[in-house]
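In the UniProt record's numbering, the protein residues as written are 1 to 64. Virtual Cβ for every residue (Gly too), placed ideally from N, Cα, C.
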Amino acid sequence: MKTILTILVAIGMLATLGTLFAGMLGLAKGDGTGERSNLLMRWRVVLQGITLLLFALLLAISRG
(Lines of atoms letter the chains of each structure in order from A; the text may use other names.)
(Lines give C-alpha, C1' and ligand atoms only; values in the text may rest on other atoms or scores of the structure.)
Protein backbone atom coordinates (compact mmCIF):
# COMPACT_ATOMS: atom_id res chain seq x y z
CA MET A 1 0.00 0.00 0.00
CA LYS A 2 2.84 2.38 0.86
CA THR A 3 4.48 1.76 -2.50
CA ILE A 4 1.29 2.49 -4.41
CA LEU A 5 0.68 5.69 -2.45
CA THR A 6 4.28 6.79 -2.96
CA ILE A 7 3.95 6.28 -6.71
CA LEU A 8 0.63 8.15 -6.76
CA VAL A 9 2.13 11.06 -4.82
CA ALA A 10 5.06 11.23 -7.26
CA ILE A 11 2.68 11.16 -10.25
CA GLY A 12 0.53 13.85 -8.63
CA MET A 13 3.56 16.05 -8.03
CA LEU A 14 4.68 15.70 -11.66
CA ALA A 15 1.16 16.38 -12.94
CA THR A 16 0.91 19.48 -10.75
CA LEU A 17 4.28 20.72 -11.94
CA GLY A 18 3.42 20.08 -15.60
CA THR A 19 0.12 21.91 -15.28
CA LEU A 20 1.83 24.81 -13.53
CA PHE A 21 4.40 25.19 -16.29
CA ALA A 22 1.78 24.87 -19.04
CA GLY A 23 -0.29 27.63 -17.40
CA MET A 24 2.73 29.86 -16.89
CA LEU A 25 3.82 29.46 -20.51
CA GLY A 26 0.32 30.33 -21.67
CA LEU A 27 0.36 33.47 -19.54
CA ALA A 28 3.82 34.43 -20.77
CA LYS A 29 2.84 34.02 -24.43
CA GLY A 30 -0.31 36.04 -23.93
CA ASP A 31 -2.51 33.64 -25.88
CA GLY A 32 -5.98 35.12 -26.25
CA THR A 33 -7.86 36.25 -23.17
CA GLY A 34 -6.09 33.92 -20.78
CA GLU A 35 -9.05 31.59 -20.35
CA ARG A 36 -6.89 28.53 -21.04
CA SER A 37 -4.27 29.65 -18.53
CA ASN A 38 -6.98 30.28 -15.94
CA LEU A 39 -8.38 26.80 -16.52
CA LEU A 40 -4.92 25.28 -16.17
CA MET A 41 -4.35 27.14 -12.91
CA ARG A 42 -7.64 25.77 -11.56
CA TRP A 43 -6.55 22.27 -12.52
CA ARG A 44 -3.23 22.91 -10.79
CA VAL A 45 -5.05 23.70 -7.55
CA VAL A 46 -7.17 20.55 -7.85
CA LEU A 47 -4.14 18.36 -8.59
CA GLN A 48 -2.21 19.96 -5.75
CA GLY A 49 -5.05 19.28 -3.32
CA ILE A 50 -5.33 15.65 -4.39
CA THR A 51 -1.58 15.21 -4.06
CA LEU A 52 -1.57 16.71 -0.58
CA LEU A 53 -4.40 14.41 0.51
CA LEU A 54 -2.52 11.40 -0.83
CA PHE A 55 0.62 12.56 0.96
CA ALA A 56 -1.27 12.98 4.24
CA LEU A 57 -2.71 9.48 3.81
CA LEU A 58 0.78 8.12 3.16
CA LEU A 59 2.06 9.76 6.33
CA ALA A 60 -0.84 8.41 8.36
CA ILE A 61 -0.23 4.89 7.10
CA SER A 62 3.52 5.16 7.68
CA ARG A 63 3.06 6.16 11.33
CA GLY A 64 0.49 3.49 12.06
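Sufficient close CB pairs (3 or more, under 8 Å) joining the segment 5–13 to the segment 34–46: no
Minimum C-alpha distance to Ala-22 - residue among Gly-64, Met-41, Leu-54: Met-41
Spatial neighbours of residue 137 in its chain, beta-carbon cut-off 7 Å, leaving aside the 5 residues before and after: This structure cannot speak to residue 137, because the chain is shown only from 1 to 64.
Straight-line Cα distance separating Lys-2 from Leu-57: 9 Å
Residues near Leu-5 in its chain [Cβ-Cβ closer than 8 Å; skip 5 each side]: Leu-54, Leu-57, Leu-58, Ile-61
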